[in-house]
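Chains as they are written, first to last, in numbering that gives the first Met the number 0: chain A, 0 to 686; chain B, 0 to 686. Ideal Cβ positions, reconstructed from N, Cα and C, are used throughout, including at glycine. To start, the structure under review is shown below, and the notes come after it.
2 protein chains.
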Amino acid sequence: MISTAPPRSAAVPETTTDAGPTRPRAPRDGRARVVIENVTPLVDGGRFAVKRSVGEAVRVEADAFVDGHDKIAVAVRHRPVSAGGDAPWHETDMAPLVNDRWAGEFEVFAQGWHEFYVAAWVDRFATWRYDFGKRVAAGQDVRVDLMIGAEIVADAAANTDGEVARSLQGFSAFLRSELKDEAIEVALGGSLATLMRRHAPRRFMTETGAPVRIWVDRQKARFSAWYELFPRSASPDPGKHGTLRDVEARLDRIAAMGFDTLYLPPIHPIGRQFRKGRNNNPVAEPGDVGSPWAIGGPEGGHDAVHPDLGTLADFDRLVRAAASRDIEVAMDLAFQCSPDHPYVKQHPEWFRHRPDGTIQYAENPPKKYQDIYPFDFECDDYEALWNELLRVVLHWVDHGVRVFRVDNPHTKPFPFWEWLIAEVKKRQPGVLFLAEAFTRPKVMYRLGKLGFSQSYTYFSWRNDPYSIEKYLSEVTQSPVADFFRPNVWPNTPDILPEYLQTDARAAYVVRAVLASTLCASYGIYGPAFELMEGRPVRHGSEEYLDSEKYQLRHWDLNNPNSLEELLKRLNHTRRTNPALQHDRGLRFHASNNGAVVCYSKRHGDNAVLVAANTDPYHTQWANLSLDLEAIGVSHDQPYQMHDVLTGARYRWQGNQAVVGLDPGSTPAHVFIVRRKTRTEHDFEYFV
Amino acid sequence: MISTAPPRSAAVPETTTDAGPTRPRAPRDGRARVVIENVTPLVDGGRFAVKRSVGEAVRVEADAFVDGHDKIAVAVRHRPVSAGGDAPWHETDMAPLVNDRWAGEFEVFAQGWHEFYVAAWVDRFATWRYDFGKRVAAGQDVRVDLMIGAEIVADAAANTDGEVARSLQGFSAFLRSELKDEAIEVALGGSLATLMRRHAPRRFMTETGAPVRIWVDRQKARFSAWYELFPRSASPDPGKHGTLRDVEARLDRIAAMGFDTLYLPPIHPIGRQFRKGRNNNPVAEPGDVGSPWAIGGPEGGHDAVHPDLGTLADFDRLVRAAASRDIEVAMDLAFQCSPDHPYVKQHPEWFRHRPDGTIQYAENPPKKYQDIYPFDFECDDYEALWNELLRVVLHWVDHGVRVFRVDNPHTKPFPFWEWLIAEVKKRQPGVLFLAEAFTRPKVMYRLGKLGFSQSYTYFSWRNDPYSIEKYLSEVTQSPVADFFRPNVWPNTPDILPEYLQTDARAAYVVRAVLASTLCASYGIYGPAFELMEGRPVRHGSEEYLDSEKYQLRHWDLNNPNSLEELLKRLNHTRRTNPALQHDRGLRFHASNNGAVVCYSKRHGDNAVLVAANTDPYHTQWANLSLDLEAIGVSHDQPYQMHDVLTGARYRWQGNQAVVGLDPGSTPAHVFIVRRKTRTEHDFEYFV
């Protein structure tokens with residue numbers, strides 16, 4: 000006989016796990032027969048955490064099977080990861096779907112790290128019981144089989160103590176008794192099965208390797224409505240430089256519209272050298288205010304407030320005043336310097352130097368951006384640079400900032416962001432980061448994996464139903480949704496999409512409806528959006544004419560055409576309908592008109608259905624074929640569609656519906672789906 | 000300043016790799032900016048090896064990108080894993096596809112383990128050169144930029160020595176020279192670029208983690224034609240028990256048909272207790288020979304030869320005689336025992352015992368298989384059992400067997416097979432294992448991952464074009480093709496599919512054509528197949544009437560209806576057309592007739608196109624829409640379709656073609672695609 004012992008051959012990779020991230024465990028017993036494969040969610044094999052927010056469900060799936068015909072049991076074990084010590088594992092049964100796939104679900108209730116793994120084992124009793132049922136049905140002599148069952152139950156009894164052990168001993172004895180018919184009934188009954196599922200020993204159990212990590216954010220990471228404005232344009236007096244105090248005076252209006260996040264472009268001192276003039280003129284005129292993203296001047300750098308905007312104390316006041324209205328102030332993180340930034344003198348080693356002795360400015364050849372010096376993240380002193388940038392973030396965290404919008408993160412190294420975000424969250428786990436990376440898809444996804452809480456998207460350029468369905472389906476469903484949270488904007492100071500370069504109010508209405516109902520997080524750049532500013536700097540450009548990036552603007556907030564009322568209604572609908580606060584429940588429905596998009600969102604009992612005409616110039620009729628299961632109604636019952644934009648209520652039944660969407664009056668329906676119910680007096684109504 | 004150093008936070012999983020299996024490396028430098036993700040091929044995150052055969056290409060793909068606008072270089076590094084020591088790494092450049100995906104390809108020439116990983120780095124010179132070109136095109140002053148280029152080249156020179164260093168020093172000096180126009184030309188020229196790609200230092204390179212392992216089999220793992228026969232039916236005299244010597248006498252016929260693997264059902268002694276009679280009768284009559292899978296009797300067990308078949312020496316003779324005709328003898332491994340097997344007495348601890356003292360026979364309640372005792376792979380002494388089974392395999396390896404057909408591997412533990420196959424391959428890497436697991440898809444795939452070289456498939460039940468396309472596409476393309484090699488059989492002793500329960504010769508012809516051309520490995524159970532034995536034991540059963548599993552059969556090999564000629568032609572076509580020896584090149588083409596399937600296979604210049612009528616009773620016409628790229632011809636040139644079954648040659652052009660397939664004469668075309676070429680005298684012909 001060959002003397003080689005069974006444990007694994009050296010020719011096979013020395014991992015002992017079947018799925019998920021690999022971490023050596025004790026050598027696997029050759030009798031651990033159950034296989035677990037393809038555990039989800041899992042991001043890049045466990046390299047990155049799965050993202051969830053407080054109160055969300057984690058649906059775990061895995062392939063699990065065993066050789067032969069034995070029945071198996073599969074469970075997911077999960078727990079919060081506490082800093083102090085290991086919390087106990089909670090166990091949730093997983094149930095079979097089809098094709099050897101199993102699923103189980105648990106909720107995460109606390110902010111911070113959680114983890115889970117999957118365990119599976121041969122369920123000896125379930126196997127025996129299943130076969131036993133077939134033997135009994137076939138009228139076979141089952142005397143010996145009852146004895147086998149009694150042994151299995153006795154084995155479980157020996158594995159437990161107290162009441163359970165006594166109970167199982169009793170069952171075991173009964174199976175051995177002379178009362179064959181009763182013994183058969185007991186053997187096949189539910190009580191014994193339940194006890195055995197809980198208390199039978201799990202011999203040769205298979206467990207997946209290192210637990211899958213879940214990072215649980217506070218709810219705002221999942222559900223937020225952003226409003227962006229330039230503080231320097233916030234003065235009520237035309238031509239006057241606005242201040243943080245002026246912004247404070249705007250808070251009531253923003254709160255009334257229902258936004259919960261106020262994002263300010265950089266509020267730091269602005270450089271003088273190569274300052275840009277109005278409409279991005281390479282030469283500034285005297286009095287031109289420059290771009291807020293050309294950060295740094297004699298007054299200070301990334302930790303200072305522009306003197307024309309006010310003081311750090313004004314900022315603190317604004318943060319507090321906003322908080323009292325349930326609004327958070329989001330700060331811009333633009334890690335770049337003007338030539339006048341204090342770092343340029345204090346830390347020349349953090350910049351790249353050209354052979355002629357000058358510092359390398361930003362370029363996209365042949366374009367030159369001489370007002371901006373990028374950091375050299377590859378410099379010898381990069382660790383000091385990284386730590387200084389962390390200090391800047393923590394400085395603003397100390398001033399109450401919990402949300403950061405990060406400017407162009409894709410032009411700084413990925414390892415830097417992974418480190419920075421982790422360092423910040425270790426100190427203050429509630430801090431959220433929005434990635435402003437309008438770049439290639441895999442780069443954007445990588446930033447999500449690294450820890451960004453939300454990400455800008457291609458939504459601004461997805462204006463037709465086909466593109467909207469394709470893109471939004473991709474970013475709201477797993478596996479992308481496990482690490483990437485879309486935040487959709489119809490416009491930004493950098494993006495006036497061609498679609499909005501129009502006088503057609505319907506274009507703005509539809510984009511507001513789509514943004515606020517497609518995604519649980521959205522934002523607008525105002526007041527340009529609600530006042531429907533649609534003039535580009537020139538034909539073919541997405542830049543605004545007279546952009547606030549380079550000059551002060553005065554906005555007529557009392558303009559009767561303002562979309563303020565619409566935004567208020569949409570944000571109210573979002574706040575009162577959980578379906579709009581989650582993205583996983585998004586489903587598209589068939590429309591026979593290529594200009595009309597139809598989709599629903601659902602969370603629990605709450606369902607909202609939207610039908611929108613993406614043609615802002617013509618009325619479009621569409622036949623809709625609804626996926627009734629997605630909106631939680633049945634074929635045989637009428638349901639009420641309650642349009643929150645007009646107040647109209649329609650009674651529908653079945654999956655066929657017709658909508659006529661007139662850009663002048665009703666470019667979109669936002670329906671709350673109300674299902675029929677009956678009172679005790681049999682009076683039907685819709686809830 | 001916060002004193003925390005940049006290296007990674009504890010809150011992030013402590014892996015340092017970006018893709019593939021994880022193995023801790025030195026802490027990553029924060030300046031290793033290039034990201035590598037989603038490396039393929041990779042089986043279950045590296046848990047299992049990728050499979051290839053000698054001479055096959057390994058196409059490696061990966062997502063690779065960096066922050067900002069820098070150009071990157073990506074390469075795959077690969078080598079055979081030698082037992083003695085580490086072989087040097089070979090490097091193959093990877094080229095960009097779209098969407099940040101890169102690809103590179105290398106071939107594996109030796110049987111055994113290979114490995115690869117992906118490396119990527121910022122290509123400073125390429126970045127500089129790209130920007131430089133744009134500056135020059137824009138007419139900018141590039142004096143400083145030439146100096147920057149000269150520095151980059153000088154840096155590379157310092158990284159090398161000898162001729163290359165001197166050459167790079169020369170280039171660097173030239174870029175600094177006063178000859179600006181010439182310097183620009185040199186800077187943008189190909190010579191410098193080539194030198195720099197090879198010799199520039201790769202600062203802050205990113206490498207994927209533990210290399211991906213590839214197991215390279217000998218070619219037979221990929222390309223094989225199997226013929227199964229029952230030796231006991233091989234006697235030329237009706238009613239007489241055939242012998243291994245009789246099989247020897249059949250070798251010339253099998254070789255003439257073009258088969259290269261002769262698979263024999265178990266040749267061991269057969270049990271007496273509960274022996275099955277003819278047509279699976281639970282009671283055997285005197286003289287009944289029993290099932291060869293009820294292994295073991297007083298004459299011996301799994302290492303013995305049934306005395307009625309001959310001796311071990313006869314077996315050795317057969318193996319040698321087959322080898323002289325380039326045929327390998329494949330041995331059945333059926334790890335189960337008859338009640339008369341020597342193990343039952345010698346090792347009762349390897350079986351499960353019932354409370355009444357009897358040994359547990361095989362069951363699928365309410366069915367009982369009392370002639371079979373399964374091993375108890377969970378017994379306390381399982382290591383001894385495993386080693387004994389390994390000894391059995393090595394016993395037959397010692398007798399020249401290099402191919403095993405494993406009976407029902409899915410009813411034995413997965414860890415057992417992974418261990419057994421690895422142990423055998425450590426000793427004899429050329430041994431191949433065919434998994435006979437007709438079970439659920441994920442179980443079959445797991446067996447492939449564990450090390451089985453080939454697998455039986457659902458082909459036997461895929462008889463219509465839609466199912467054929469769906470299933471064969473799945474099993475011949477990555478990722479499944481990286482661990483699962485299909486071996487398709489129109490029939491087996493256990494499977495007479497309903498489709499073949501017919502007198503229609505065309506059904507057999509089409510199944511032979513499909514099996515031999517869809518997959519590089521196929522087999523038939525003969526002579527039942529070529530003699531078109533189609534009688535089931537009863538209506539609704541897939542069991543043969545008078546099955547050889549339970550009795551001797553005498554086959555009239557001289558029957559003029561035999562498909563021998565067809566099989567000979569098909570196997571010859573397989574041997575002379577590399578396209579049919581590989582599965583990755585399989586592509587399906589659109590047919591407008593639901594009964595006609597059309598597909599092609601291609602390898603290098605060789606392409607074969609098949610159109611087959613799956614309706615064995617009626618002539619079917621079909622319009623085909625060909626994917627011309629898949630068969631390597633262009634729209635603007637005629638090509639010749641040479642049917643190897645009839646010898647007919649058709650001249651086609653463009654992607655539209657019509658076929659008329661008459662079950663009586665031409666149920667299928669097997670076309671070699673011949674492309675036009677011209678002689679030096681401009682006489683066109685097709686090759």
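When the Cβ atoms of the stretch 318-330 of chain A are set against those of the stretch 395-413 of chain A, are three or more pairs found closer than 8 Å? yes
Please work out which residues of its chain come closer than 6 Å, Cβ to Cβ, to B/Thr618, disregarding the five sequence neighbours upstream and downstream, and give them in chain order. Asp661
A/Asn622 beta carbon less than 9 Å from that of A/Pro657: Note on residue identity: the sequence assigns Val, not Pro, to residue 657 of chain A. Going by C-beta atoms, A/Val657 is nearer than 9 Å to A/Asn622.
Tell me whether B/Ala9 sits in a helix, a strand or coil according to DSSP, three-state version. Since pLDDT at B/Ala9 reaches only 30, below the 50 mark, its modelled position is unreliable, and no value is offered.
Please report whether the beta-carbon of B/Gly44 lies at a distance below 9 Å from any beta-carbon of chain A. yes
Would you list, in sequence order, the uninterrupted alpha helix (DSSP H) runs of no fewer than 4 residues that lie entirely inside the stretch 392-474 of chain A? 413-426 and 440-449
Chain-ordered neighbours of B/Arg78 on chain A, where CB pairs are closer than 9 Å: Ordered by position in chain A, no residue passes the 9 Å Cβ test against B/Arg78, which lies about 16 Å from the chain.
Between the stretch 69-82 of chain B and the stretch 112-119 of chain B, can you find at least three pairs of beta-carbon atoms closer than 8 Å? yes
Could you check which residue in A/Gly111, A/Val53 and A/Thr491 has the C-alpha nearest to that of A/Glu426? The amino acid at residue 426 of chain A is misidentified as Glu; the sequence shows Arg. Among A/Gly111, A/Val53 and A/Thr491, the Cα nearest to that of A/Arg426 belongs to A/Gly111.
Straight-line gap, B/Asp464 to A/His198 (C-alpha atoms, nearest Å): At residue 464 of chain B the sequence reads Pro, which differs from the Asp that was named. Those two C-alpha atoms are separated by around 51 Å.
Which residues of chain B have a Cβ atom closer than 7 Å to the Cβ of A/Asp62, listed in chain order? Lys441
Kindly identify the DSSP beta-bridge partner or partners of A/Asp92. A/Ala74
How would you write the range of the beta strand (DSSP E) that A/Ala505 sits in, first residue to last? First-last for A/Ala505: Arg504 to Leu517, but that is the alpha helix (DSSP H), not the beta strand (DSSP E).
Boundaries of the alpha helix (DSSP H) in which A/Val343 is found, first to last residue: Pro341 to Gln345
Just checking: is the beta-carbon of A/Lys600 within a distance shorter than 9 Å of some beta-carbon in chain B? no
If I follow the unbroken alpha helix (DSSP H) through B/Val97, where does it start and stop? Segment: none, B/Val97 is in no alpha helix (DSSP H) and carries neither H nor E.
On a Cα-Cα basis, can you pick out the residue from A/Val163, A/Ser223, A/Trp101 and A/Tyr549 that is closest to A/Pro285? A/Tyr549
Same chain only: Cβ atoms within 6 Å of A/Ala514, ignoring 5 sequence neighbours per side: Val487, Pro489 and Tyr521
For B/Lys133, return the contacting residues in chain A, with the cut-off set at a CB-CB distance below 7 Å. Pro364 and Pro365
Please tell me whether A/Ile213 has its Cβ less than 9 Å away from any Cβ of chain B. no
Between which two residues does the alpha helix (DSSP H) carrying B/Ser171 extend? Gly161 to Arg175
With a threshold of 9 Å between beta-carbons, can B/Gly593 be considered close to chain A, or not? no
Who are the near neighbours of B/Tyr457 in its chain, counting only those whose CB is closer than 7 Å to its CB and skipping five residues on each side? Tyr470
Residues that DSSP places opposite B/Thr357 in a beta bridge: Beta-bridge pairing links B/Thr357 to no other residue.
One question on the structure: do B/Asn576 and B/Ile671 come within less than 9 Å of each other, judged by their Cβ atoms? yes
Short CB-CB distance (under 9 Å) between B/Thr456 and chain D: Among the protein chains in the structure shown, which are A and B, there is no chain D.
List the whole-angstrom C-beta distance separating A/Thr205 from A/Val33, where the pair is believed to meet the contact cut-off of C-beta under 8 Å. 4 Å
Looking at chain A, which residues of the stretch 397-410 of chain B have a Cβ within less than 7 Å of any of its Cβ atoms? His409 and Thr410
Going by other Cβ atoms of all chains shown within 10 Å of its Cβ, with 16 needed for buried, is B/Thr193 buried or exposed? exposed
Residue nearest to B/Asp302 in terms of C-alpha spacing, selected from B/Asp251, B/Phe376 and B/Val396: B/Val396
B/Leu244 to B/Leu41 span [Cα, whole Å]: Note that residue 244 of chain B is Arg in the sequence shown here, rather than Leu. Using only the alpha carbons, I get a separation of about 46 Å.
Distance CB(A/Gly270)-CB(A/Gly289) smaller than 9 Å: yes
For a test of the three-state rule: what should DSSP assign to B/Gln369, helix, strand or coil? coil
If I measure Cβ to Cβ from B/Asp251 and keep anything under 8 Å in the same chain, skipping five residues before and after, which residues do I get? Arg324
Confirm, please, whether the CB-CB distance from B/Arg583 to B/Thr516 is below 9 Å. no
Listed from N- to C-terminal order along the chain, which residues in the stretch 137-164 of chain B have their beta-carbon within a distance smaller than 8 Å of any beta-carbon of chain A? Ala137, Gln139, Val143, Met146, Ile147 and Glu150
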